[in-house]
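Novice: Structure below; questions to follow.
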Amino acid sequence: MKSVHTPLPAVELRVPTEEDALHWHRVFNDPDVMEFHGGAPAELSEYDELTARQRRHHAELGFCLFTLVDPADGAVIGFTGAQPWPNDWGPAGEIEIGWRLGRAYWGKGYATAAAQAALESVRAAGVRHVVAMVDARNERSLAVTRRLGMRRAETVITPKGQRTAYCHRLDM
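Below, the structure is given as structure tokens:
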């Protein structure tokens, strides 16, 4: 049986602007999108802080969680990129790659295409390996880690919520 490979969609990544806080808030204001990120949509102020932090990361490190734009219509559909792991548990001191997309864009290849593009900025900055922390129930994100060639390295119980997460690694 012949396998069929669907081409990945075109994606555009940009350093988050101040206005992207509102775009992220709007596209992520959905309990399904936030299911594995605390369950409830975040306040706009959290996205203001997050986009500002990502601009600093890009200026200092050469990579960040980029705003993900659909080049066909210019719509902000989420974020994808890398940042230092922000917690004192799990892969502390590591660079984490991550993605979050609006529900309308799930299952279309955007996360994989954008993560591949984001990995290029991480490589260019001299990073030799990345991690991805994924809730064990998040089948969509687990599939993205497999498509990126990541390997599951450890199982972690999160301190908040006591949920099982998998730490995946990728040597570049």
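Heads up: the sequence shown at position 24 corresponds to 1020 in the working numbering, and the numbers run straight through without jumps. By construction, the Cβ of each residue, glycine as well, lies at the ideal position given by its N, Cα and C atoms. Note that the structure is predicted; figures quoted are calculated from it, not measured.
(1) Sort out for me which residues DSSP pairs P1080 with in a bridge.
(2) If you count every other CB in all the chains shown that lies within 10 Å of the CB of Q1158, and 16 or more means buried, which is it?
(3) Could you check the C-alpha separation between I1073 and G1105 for me, to the nearest Å?
(4) Where do the N-terminal and C-terminal ends of the alpha helix (DSSP H) with H1019 fall, by residue?
(5) Let me confirm a value: I1093 is counted as buried when at least 16 other C-beta atoms fall within 10 Å, else exposed. Which label applies?
(6) Which residue comes first and which comes last in the alpha helix (DSSP H) that contains A1139?
(7) Just to confirm my understanding: we take T1160, look at its own chain, exclude 5 residues before and 5 after, and list those with CB closer than 7 Å. What are they?
(8) Using the three-state DSSP reduction, which class does H1033 fall into: helix, strand or coil?
(9) Examine the Cβ distances between the stretch 1052-1068 and the stretch 1099-1115 and report whether three or more of them are shorter than 8 Å.
(10) Can you round the beta-carbon distance between R1147 and R1165 to whole angstroms, since I take them to be within the 8 Å contact cut?
(11) Got a sec? Which residues, its chain only, sit under 6 Å from P1082 by beta carbon, not counting five neighbours each side?
(12) In the DSSP output, what is A1071 paired with across the bridge?
(13) Do V1130 and L1138 count as a contact pair if the criterion is CB distance below 7 Å?
(14) Roughly how many angstroms separate the alpha carbons of R1096 and R1022, rounded to a whole number?
Specialist: Answer, in terms of the structure:
(1) I1091
(2) exposed
(3) 12 Å
(4) D1016 to V1023
(5) buried
(6) E1135 to R1143
(7) A1132, T1151 and I1153
(8) coil
(9) yes
(10) 6 Å
(11) none
(12) D1066
(13) yes
(14) 13 Å
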